[in-house]
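J.:
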Amino acid sequence: MTNEFPTSPEVLAEASPVSLAALALMSPEEMGPTGEMAYIRALQELRERYERALGAGRAKPAKGAGSGSGSGSGSGARSAAAAKVVLGGAFGEASTDEEGLF
Amino acid sequence: MINLLRSLLPPYDPSTLLPRVPKQSFYGDQFSASGVQTRVNASTFQIFKACPRKYLYEVLLAQGKPSDDPNLRFGSLIHQAKAIYETNKARGAGHDLALQGAFRFLLTETWDTALGKSNFSDDPLKNRASLLRTFVWYVDQYASDAAETVVLPSGRPAVEIQFEFDAGIKIAGEPVTFVGTIDRIVRFQGQVYVADTKTSSSTRYLTARNYTPDGQFSLYCAAALVAFGVETDGIILDGIAVGPTGTEFRREIVPRPPGVLEEWLRDARVHLRRLGEAFERNEWPQNDAVCGLYGGCRFREVCGTEPSQRAGPLGLGGAAAKGEL
Chain A
1057 MTNEFPTSPE VLAEASPVSL AALALMSPEE MGPTGEMAYI RALQELRERY
1107 ERALGAGRAK PAKGAGSGSG SGSGSGARSA AAAKVVLGGA FGEASTDEEG
1157 LF
Chain B
117 MINLLRSLLP PYDPSTLLPR VPKQSFYGDQ FSASGVQTRV NASTFQIFKA
167 CPRKYLYEVL LAQGKPSDDP NLRFGSLIHQ AKAIYETNKA RGAGHDLALQ
217 GAFRFLLTET WDTALGKSNF SDDPLKNRAS LLRTFVWYVD QYASDAAETV
267 VLPSGRPAVE IQFEFDAGIK IAGEPVTFVG TIDRIVRFQG QVYVADTKTS
317 SSTRYLTARN YTPDGQFSLY CAAALVAFGV ETDGIILDGI AVGPTGTEFR
367 REIVPRPPGV LEEWLRDARV HLRRLGEAFE RNEWPQNDAV CGLYGGCRFR
417 EVCGTEPSQR AGPLGLGGAA AKGEL
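From first to last, the protein sequence lines stand for chains A and B. In this text, residue positions in the first sequence follow this note's numbering: the first is 1057, and each later residue adds one. In this text, residue positions in the second sequence follow this note's numbering: the first is 117, and each later residue adds one.
#1: Work out the CA separation of proline 429 (chain B) and proline 423 (chain B) for me, nearest whole Å.
#2: Pull the bridge partners of tryptophan 227 (chain B) from the DSSP assignment, please.
#3: What distance in whole Å lies between the Cβ atoms of aspartate 256 (chain B) and arginine 1108 (chain A), which are believed to be in contact at a cut-off of 8 angstroms?
#4: With a cut-off of 8 angstroms on the beta carbons, I'd call glutamate 276 (chain B) and aspartate 299 (chain B) a contact; round off their distance for me.
#5: Could you check whether isoleucine 356 (chain B) and threonine 328 (chain B) sit closer than 8 angstroms to each other, using their CB atoms as the reference points?
#6: Alanine 245 (chain B) CB to nearest chain D CB: under 8 angstroms?
#7: Grab me the residues of arginine 169 (chain B)'s own chain with a C-beta within less than 8 angstroms of its C-beta, minus the 5 sequence neighbours each way, in chain order.
#8: Which value, in whole angstroms, describes the spacing of the CA atoms of threonine 229 (chain B) and phenylalanine 236 (chain B)?
#9: Kindly indicate which residue of A:Leu1110, A:Arg1105, A:Gly1111, A:Leu1099 has the alpha-carbon position closest to the one of tyrosine 254 (chain B).
#10: Using a beta-carbon distance below 8 angstroms, is glutamate 1101 (chain A) in contact with chain B?
#11: Quick one: give me the first and last residue of the beta strand (DSSP E) that glycine 355 (chain B) is part of.
#12: Quick one, are the C-beta atoms of arginine 389 (chain B) and alanine 283 (chain B) less than 8 angstroms apart?
#13: Helix, strand or coil, according to DSSP, for alanine 283 (chain B) in the structure here?
#14: For alanine 311 (chain B), which of helix, strand or coil comes out of DSSP?
#15: Are the stretch 405–414 of chain B and the stretch 158–174 of chain B in contact at 8 angstroms, needing three or more beta carbon pairs?
#16: Select from B:Ala427, B:Leu353, B:Pro360, B:Glu347 the residue whose C-alpha is nearest the C-alpha of arginine 249 (chain B).
#17: On the DSSP letters alone, give me the boundaries of the alpha helix (DSSP H) that glycine 296 (chain B) sits inside.
#18: Can you name the residues that DSSP bridges to valine 370 (chain B)?
#19: Using three-state DSSP, classify proline 401 (chain B) as helix, strand or coil.
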């Protein structure tokens, strides 16, 4: 199985200035509305960095393909997988083994 | 023309098209007073079709107990959070506010206040942090989605719609209905689809091929027509692949031609008859051809234990602990 997910230091690094690891260990009360928004923004920033790491050389998807950026200054470098709409008549790649899908 | 399905259509009346609302429990509300399952959803039906013994253990003996499977819980929470986000939007909230409300729901659901820690698994892929990350990324991914929600003949937007319709068969003299919840019915590129979300660890599992055939998707297409009067062209599968450092998205269209749906319904009735026979005879045979599929059934250890000593591994006590299982 190929690893589809980048593991470069850039992606693995936490999105500053908020520590995602610390936020994930906080209770809703500790976090509060301000913390919630900070967490959301940090995750959105992380996505931009993740996509930059993935996206070198990948084309920006068409809107009709069902993807879109709602995250402020999005890089627009959506992955090919994210942009792809596959018609079922032409099946996607076959899976050789199975796992639970939920 | 989907003749067999159309034969199940009630005369059009908006009040009758509003489905009875199933309770938000796993299986507890799907059984008649006599203990027979007369309201059948896709997941319990799939379990019975795969292995009647697993159905006995998972559905009948564990009635009402939510599964502790992190994969199931992850998918379920994503669905619930999506519904909150969509509802917030429908009530006029902007993207950020709608997202924050759904995000707060996830934070609360995954926190044990008494213990002061997360109540979600520490699975390397499916954990609290990856759940929150996946949801935020998912909402951003489809923030300007080209798929538009269909308005039902009743005037209601087709979001998180619960359905119940007559399956056209009886078990122990009682009519059987199919029940479930459809995420959304959408119009996309000129066609109408049931939209559903699936999570996995890899996009390669999130393909039309993997869902052709698939009982849940066929049931949802049938329900769109029978319960809501909307003839669909198939399913939009919004795949979510959760990785250790990020989440990927993949959208596929899964066709369900009318003839395939008709065939599914005919076959479903045969399986329902067998479900009825299983209840009438109290026979729940193992299907040992499937024990090793999908990484192995979680009841393999139970089925390998002496039948008289299975109550312990099944976590059962009291009357259920006596006798063979």
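Quick reminder that beta carbons are idealized off the backbone N, C-alpha and C, glycines included. As the structure is a computational prediction, the values presented were derived from the model and not from experiment.
T.: Based on what the coordinates show:
#1: Numbered from 1 along the second sequence, position 307 holds the residue referred to as residue 423 (chain B). Numbered from 1 along the second sequence, position 313 holds the residue referred to as residue 429 (chain B). When rounded, the distance between both Cα atoms is 11 angstroms.
#2: As a first step, residue 227 (chain B) is located in the second sequence; it is residue number 111 there, counting from the start. Tryptophan 227 (chain B) is bridged to B:Ser234.
#3: Residue numbering aside, residue 1108 (chain A) sits at position 52 when the first sequence is read from its first letter. Residue numbering aside, residue 256 (chain B) sits at position 140 when the second sequence is read from its first letter. So it is not a contact: roughly 15 angstroms between Cβ atoms.
#4: Counting from 1 along the second sequence, the entry for residue 276 (chain B) is found at position 160. Counting from 1 along the second sequence, the entry for residue 299 (chain B) is found at position 183. Confirmed, Cβ separation roughly 7 angstroms.
#5: The count along the second sequence starts at 1 and reaches residue 328 (chain B) at position 212. The count along the second sequence starts at 1 and reaches residue 356 (chain B) at position 240. Against a cut-off of 8 angstroms, the Cβ pair of isoleucine 356 (chain B) and threonine 328 (chain B) comes out as no contact.
#6: Judged by its chain identifiers, the structure shown contains no chain D, and its protein chains are A and B.
#7: Counted from its first residue, the second sequence places residue 169 (chain B) at position 53. Taken in chain order, the residues that qualify are Trp400, Pro401, Gln402, Asn403, Phe415, Cys419.
#8: In the second sequence, counting from the first residue as 1, residue 229 (chain B) sits at position 113. In the second sequence, counting from the first residue as 1, residue 236 (chain B) sits at position 120. If I take the Cα positions, the gap works out to 12 angstroms.
#9: The residue you call residue 254 (chain B) lines up with position 138 of the second sequence. Of the candidates A:Leu1110, A:Arg1105, A:Gly1111, A:Leu1099, the one whose C-alpha sits nearest the C-alpha of tyrosine 254 (chain B) is A:Leu1099.
#10: Here residue 1101 (chain A) is taken as the residue at index 45 of the first sequence, counted from 1. Not one chain B Cβ lies under 8 angstroms of glutamate 1101 (chain A).
#11: As a first step, residue 355 (chain B) must be located in the second sequence, where it is residue number 239. Segment 350–358, the beta strand (DSSP E) holding glycine 355 (chain B).
#12: Residue mapping note: residue 389 (chain B) aligns to position 273 of the second sequence, counting from 1. Residue mapping note: residue 283 (chain B) aligns to position 167 of the second sequence, counting from 1. In this structure, alanine 283 (chain B) does not lie closer than 8 angstroms to arginine 389 (chain B) by Cβ.
#13: One-based indexing of the second sequence puts residue 283 (chain B) at position 167. In the structure shown, alanine 283 (chain B) sits in a strand (DSSP, three-state: E or B).
#14: Numbered from its first residue, the second sequence carries residue 311 (chain B) at position 195. In the structure shown, alanine 311 (chain B) falls within a strand segment according to DSSP collapsed to helix, strand and coil.
#15: yes
#16: Position 133 of the second sequence, counted from the first residue, corresponds to residue 249 (chain B). For arginine 249 (chain B), the nearest C-alpha among the options comes from B:Pro360.
#17: Within the second sequence, the letter at position 180 stands for residue 296 (chain B). In the DSSP assignment, glycine 296 (chain B) falls outside any alpha helix (DSSP H) and within the unbroken beta strand (DSSP E) covering 290–304.
#18: By 1-based counting over the second sequence, the position of residue 370 (chain B) is 254. For valine 370 (chain B), which the question treats as bridged, DSSP gives the partners B:Ile351.
#19: Within the second sequence, the letter at position 285 stands for residue 401 (chain B). Coil, per DSSP.
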